[in-house]
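Enquirer: Protein chains in written order, with this note's numbering: chain S, 73 to 186; chain V, 79 to 194.
Sharing a structure below in structure tokens format, with a few things to ask.
Below, the structure written as structure tokens:
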């Protein structure tokens, strides 16, 4: 069964450093998403991406964040200058279509900013 | 205002018994989708079940069923014949369909612990 994959599974970085989180969505899916979950809190939407552009972003997704689909398979989230409060689990998700289609999540990348 | 409310932070259930997890939602859209996800201690998010707002039948997937009461705006998850492997956090989520709003809005989650 096809699944969303994410690398790395864990990342530790120093405050102020740039990190890139990588995702490979399910191959025939067209919509891609990033969510984050701070430890013990609910899952929060960051950004959705379709047709090589951002379709929606939350207020969390400020200028420090960017997304890219550099080739036909990868989808990346870059945090330019990490802050302590960026420590969270980051989930990539994909769906075949938009609107009410099920979003399938990857296993997550646990990011720790020191 | 919260779009998804899960009022039960934690629940205990005996193995082989059924458990109901509550979820209420708030939307003015006529078209929306409701989802349940399971998050085991390993951290991944596993899709369980989906209910569309226009679906007349309650959704079922194996041991999971969704008790959808549209007038009450509730979408409770029922897990029948609980197994030890069902111990996890469960999240209710909604996606509103009438706009170009693709995001899922999640509730705070309910932790289920299955006892042998």
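Using N, Cα and C, we set each Cβ at its ideal position, and we do this for glycine too.
Out of 139(V), 98(V), 117(V) and 80(V), which has the shortest C-alpha to C-alpha gap to residue 154(V)?
Expert: 98(V)
Enquirer: Is the number of C-beta pairs between the segment 84-104 of chain S and the segment 132-151 of chain S that are closer than 8 angstroms three or more?
Expert: yes
Enquirer: Taking Cβ positions, are residue 126(S) and residue 119(S) nearer each other than 7 angstroms?
Expert: Contact flag set, yes.
Enquirer: Mind checking whether residue 167(V) and residue 82(V) have CB atoms under 7 angstroms apart?
Expert: A distance of 7 angstroms or more separates the beta carbons of residue 167(V) and residue 82(V).
Enquirer: Measure how close the beta-carbons of residue 121(V) and residue 179(S) come, nearest whole angstrom, since I'm counting them as under 8 angstroms.
Expert: Rounded, the Cβ-Cβ distance is 7 angstroms, consistent with contact.
Enquirer: For a test of the three-state rule: what should DSSP assign to residue 93(S), helix, strand or coil?
Expert: strand
Enquirer: Can you tell me whether residue 132(V) is buried or exposed? The criterion is at least 16 other CB atoms within 10 Å of its CB, across all chains shown.
Expert: Here residue 132(V) is exposed. Its C-beta has fewer than 16 other C-beta atoms within 10 Å.
Enquirer: Across the segment 104-122 of chain V and the segment 144-160 of chain V, are there enough close Cβ pairs to call them in contact, namely three or more that are closer than 8 angstroms?
Expert: yes
Enquirer: Could you please tell me which residues of the segment 109-141 of chain V, in chain order, have their CB closer than 9 angstroms to any CB of chain S?
Expert: 109, 110, 111, 113, 115, 117, 120, 121, 122, 123, 124, 125, 128, 130 and 131
Enquirer: Out of 177(S), 168(S), 172(S) and 174(S), which has the shortest C-alpha to C-alpha gap to residue 100(S)?
Expert: When each option's Cα is compared against that of residue 100(S), the closest is 168(S).
Enquirer: So residue 193(V) contacts chain S; which residues on that side make the cut at Cβ distance below 9 angstroms?
Expert: Correct list: empty, because the minimum Cβ distance to chain S is about 23 angstroms.
Enquirer: Excluding the 5 residues flanking residue 187(V) on each side, which residues of the same chain have their C-beta closer than 7 angstroms to its C-beta?
Expert: 84, 167, 168 and 169
Enquirer: Is it true that the CB of residue 166(S) sits closer than 7 angstroms to the CB of residue 97(S)?
Expert: yes
Enquirer: Does residue 186(S) come out as helix, strand or coil in the three-state DSSP assignment?
Expert: coil
Enquirer: Hey, could you find the ends of the beta strand (DSSP E) residue 180(V) is sitting in?
Expert: No beta strand (DSSP E) holds residue 180(V); DSSP gives it neither H nor E.
Enquirer: Jot down the residue ranges of each uninterrupted beta strand (DSSP E) in the segment 112-145 of chain S, minimum 3 residues, whole runs only, in chain order.
Expert: 115-122, 125-129 and 137-140
Enquirer: Just how far apart, CA to CA, sit residue 119(V) and residue 145(V)?
Expert: Going from the Cα of residue 119(V) to the Cα of residue 145(V) covers about 26 angstroms.
Enquirer: Applying the 10 Å Cβ sphere with the 16-neighbour rule, what's the burial state of residue 108(S)?
Expert: buried
Enquirer: Which one of 135(V), 192(V), 147(V) and 175(V) has the shortest CA to CA distance from residue 158(V)?
Expert: For residue 158(V), the closest of 135(V), 192(V), 147(V) and 175(V) by C-alpha to C-alpha distance is 192(V).
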